[in-house]
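Okay, here's the thing in structure tokens:
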């Protein structure tokens, strides 16, 4: 690959992913799912007086941005941009209130979908009004119920992978809780 990846943990993982994608034909890989994990976002324990949790978070987000940018460029170089999806996922969001050692785990969070098949520049779902005790605050500590479920995101991606509509509820049994909203339309 001509693309230079950043010398960071995620940069190295996405470089390896791009290398695997580059040899998909000799491996006779029709579809590949590659998982790259980045740690360090649970910032409860930042106790260094010289570094704030916001500084650490900013550094981590820069790492994600630079690595994803390089990966996106590599997919264009490999002519696989329109058939590659990059999707960030996290198991938790954060509340708006401080518990004395950071914020507590919440339910909602923003995720990124990247690739040539994605309708770029759009927000899918509703961004909450970040107001304590507001209409969207579940219990007064800034814990918001997401407007889109990971089940819906997964079902939309599964359709893109070729899972027929009539089999989606087998793969995603909770999809019945979102009638008429099984496909979020981001492809």
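Numbering (our numbering), first residue to last: 317 to 503.
In this text, a Cβ means the ideal position worked out from N, Cα and C, and glycines have one as well.
| Check | Outcome |
| --- | --- |
| Contained beta strand (DSSP E) runs [length at least 3] in the segment 403-454, N- to C-terminal order | 409-414, 419-422 |
| Coil, strand or helix - residue 460 by DSSP | strand |
| Distance between residue 479 and residue 378 (C-alpha atoms, nearest Å) | 35 Å |
| Backbone CA spacing between residue 465 and residue 472 [nearest angstrom] | 11 Å |
| Beta-carbon spacing of residue 492, residue 389 below 8 Å | no |
| Contact under 8 Å by Cβ, residue 502 with residue 428 | no |
| 8 Å Cβ cutoff met for residue 383 and residue 324 | yes |
| Residue 485, DSSP secondary structure in three states | helix |
| Same chain, Cβ closer than 8 Å to residue 467, five either side skipped, listed in chain order | 488, 490, 491, 493, 494 |
| Close-in-space but distant-in-sequence residues of the same chain around residue 458 (CB under 6 Å, 5 per side omitted) | 411, 412, 413, 448 |
| Classification of residue 349 by the beta-carbon crowding that lies within 10 angstroms, buried from 16 upward | exposed |
| Local conformation of residue 497 per DSSP, three classes | coil |
| Sub-8 Å separation of residue 445 and residue 438 beta-carbons | no |
| Per-residue DSSP class, three states only, for residue 345 | coil |
| Nonlocal neighbours in the same chain, by C-beta distance under 6 Å from residue 469, ignoring five residues either side | none |
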